[in-house]
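Just below is one structure, and these are the notes that go with it.
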Amino acid sequence: MSKNSSGRAAWRNVSGIVLFDKPAGLSSNQALQKVRWLFRADKGGHTGSLDPLATGLLPICFGEATKIAGLLLGSRKAYETECLLGVTTTTEDAEGEIVLTRDVPAIDDVRIEAELARLTGRITQIPPIYSALKQAGVPLYKRARRGEDVTAPAREVDVHRFRLLERAGDRLRLQVECGSGTYVRSLVRDLGEQLGCGAHVTALRRLWVEPFRTPLMITLEALEELAAAGPSALDRHLIPLEDGLAGYPQVVIDALQVQRLRQGQMIESADAPPGRCVAIDDEGRAIALVEYAAEGRLRPLRGFNPT
Numbered sequence: 026m027s028k029n030s031s032g033r034a035a036w037r038n039v040s041g042i043v044l045f046d047k048p049a050g051l052s053s054n055q056a057l058q059k060v061r062w063l064f065r066a067d068k069g070g071h072t073g074s075l076d077p078l079a080t081g082l083l084p085i086c087f088g089e090a091t092k093i094a095g096l097l098l099g100s101r102k103a104y105e106t107e108c109l110l111g112v113t114t115t116t117e118d119a120e121g122e123i124v125l126t127r128d129v130p131a132i133d134d135v136r137i138e139a140e141l142a143r144l145t146g147r148i149t150q151i152p153p154i155y156s157a158l159k160q161a162g163v164p165l166y167k168r169a170r171r172g173e174d175v176t177a178p179a180r181e182v183d184v185h186r187f188r189l190l191e192r193a194g195d196r197l198r199l200q201v202e203c204g205s206g207t208y209v210r211s212l213v214r215d216l217g218e219q220l221g222c223g224a225h226v227t228a229l230r231r232l233w234v235e236p237f238r239t240p241l242m243i244t245l246e247a248l249e250e251l252a253a254a255g256p257s258a259l260d261r262h263l264i265p266l267e268d269g270l271a272g273y274p275q276v277v278i279d280a281l282q283v284q285r286l287r288q289g290q291m292i293e294s295a296d297a298p299p300g301r302c303v304a305i306d307d308e309g310r311a312i313a314l315v316e317y318a319a320e321g322r323l324r325p326l327r328g329f330n331p332t
């Protein structure tokens, strides 16, 4: 690894995606900074916050791949969560202080599944006040910690699947598949209220983020071991930004069209599907995310510089 004048390893122009298995105890930004430091990547970003309590898939983007971080942030996700009935906390998870304890009534699985069904589909949800959502530019959790009176605005979210996996006494294990902006903590809170006893999250793991439905995640410990072997060992665990665009149709373009897209110009394509697609060159490299315009023309939305 090259070093700068101070003797420290130099920052590198790294491009690609790491399918990181975030450990508990780290915020998403802390996880990003640790992984970025190991890669010595000069540019990086993550694809949506996971609570410190949560573990699981956090795609981390470097270099050109940071241009699609927002697309991954808005994609469908799946989680497995464990919750405890009868106890409500300030943060709606096990990291908060207990504010209310209630007896859990006699509830069978049929009743639980019925309440889960009520929380499935396009629903209105009030996010937790201890969240990264901002109000007047300030995260809600900072306002809550200062003792301010915080009210999170209700919003519509998509819950595609919410099912019971296992029950052990007052503890439930649930699986959630949802759209962007959905808070699993709030789903568990609302489930507890509908059951008449309250509930909070005790464990949360993100299983996948579309299009990475069966991700081969890598842990922090594994990355630290690879870093000791040098940058080439780490770089073998980068996946190309094209993999993050796998959910979009592709259209192959020629050299002249590549040049025009890079100049911000529209191109013509008889084979382009409606909506958004990825324009790739004859080597399979993503050149731009484009959008179908009138009369078979494609409008560039985001350009990429293949590495």
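With our numbering applied, the sequence shown covers 26 to 332.
All residues carry an ideal CB built from backbone N, CA and C; glycine is no exception.
Assuming residue i contacts residue j under a Cβ cut-off of 8 Å, what Cβ separation, rounded to an integer in Å, is found between them?
| i | j | result |
| --- | --- | --- |
| K92 | F329 | 6 Å |
| I148 | A179 | The Cβ separation is near 10 Å, so there is no contact. |
| A119 | T227 | 5 Å |
| A90 | G269 | 7 Å |
| R37 | D67 | 6 Å |
Could you pull out every residue in the same chain whose Cβ sits closer than 7 Å to the Cβ of residue i, ignoring the five residues on either side in sequence?
| i | result |
| --- | --- |
| G221 | P130 |
| E249 | L63 |
| L109 | D195, R196, A224, H225, T227 |
Can you give me the Cβ contacts of residue i inside the same chain, cut-off strictly under 6 Å, excluding the 5 residues immediately before and after it?
| i | result |
| --- | --- |
| E320 | none |
| E117 | P153, R210, R214, H225 |
| T72 | P84, A94, L97, L98 |
| H262 | I243 |
| C86 | I42, G70, A94 |
| A103 | E202, L232, W233 |
| I137 | L189 |
| E107 | R198, T227, A228 |
| Q200 | E105, R188, L190 |
Quickly, what does DSSP pair residue i with across the bridge? List them, please.
| i | result |
| --- | --- |
| V226 | C108, D118 |
| Q202 | Here the sequence assigns Glu to residue 202, which means Gln is not the residue at that position. A103, R186. |
| A313 | A304, G328 |
| Q275 | V303 |
| Q150 | R180 |
| I123 | T114 |
| L323 | I292, Y317 |
| L44 | P84 |
| L197 | C108, R192 |
| I264 | I42 |
| R37 | A66 |
At the 8 Å Cβ level, is residue i part of the contact set with chain C, yes or no?
| i | result |
| --- | --- |
| H185 | Included in the structure is just one protein chain, with no chain C present. |
Leaving out the 5 sequence neighbours to the left and right, which residues in its chain are closer than 8 Å to residue i when beta-carbon positions are compared?
| i | result |
| --- | --- |
| S31 | Caution applies to S31, whose pLDDT of 48 falls short of 50 and renders its modelled position unreliable; the value that the coordinates give is listed next. Once the five neighbours on either side are set aside, S31 has no close Cβ partner at all. |
Problem - Given 8 Å, three or more beta-carbon pairs between the segment 249-257 and the segment 287-295 - result: no
Practice task
Mind listing, in chain order, the continuous beta strand (DSSP E) runs of no fewer than 3 residues lying wholly within the segment 64-106?
Solution key: 69-71, 80-87
Exercise for the section: Count the C-beta pairs between the segment 267-274 and the segment 303-320 that are closer than 8 Å, then say yes if the count reaches three, no if not. Expected result: yes
Handout entry: Completely contained beta strand (DSSP E) runs for the segment 210-256, where each covers 3 or more residues
Key = 224-234
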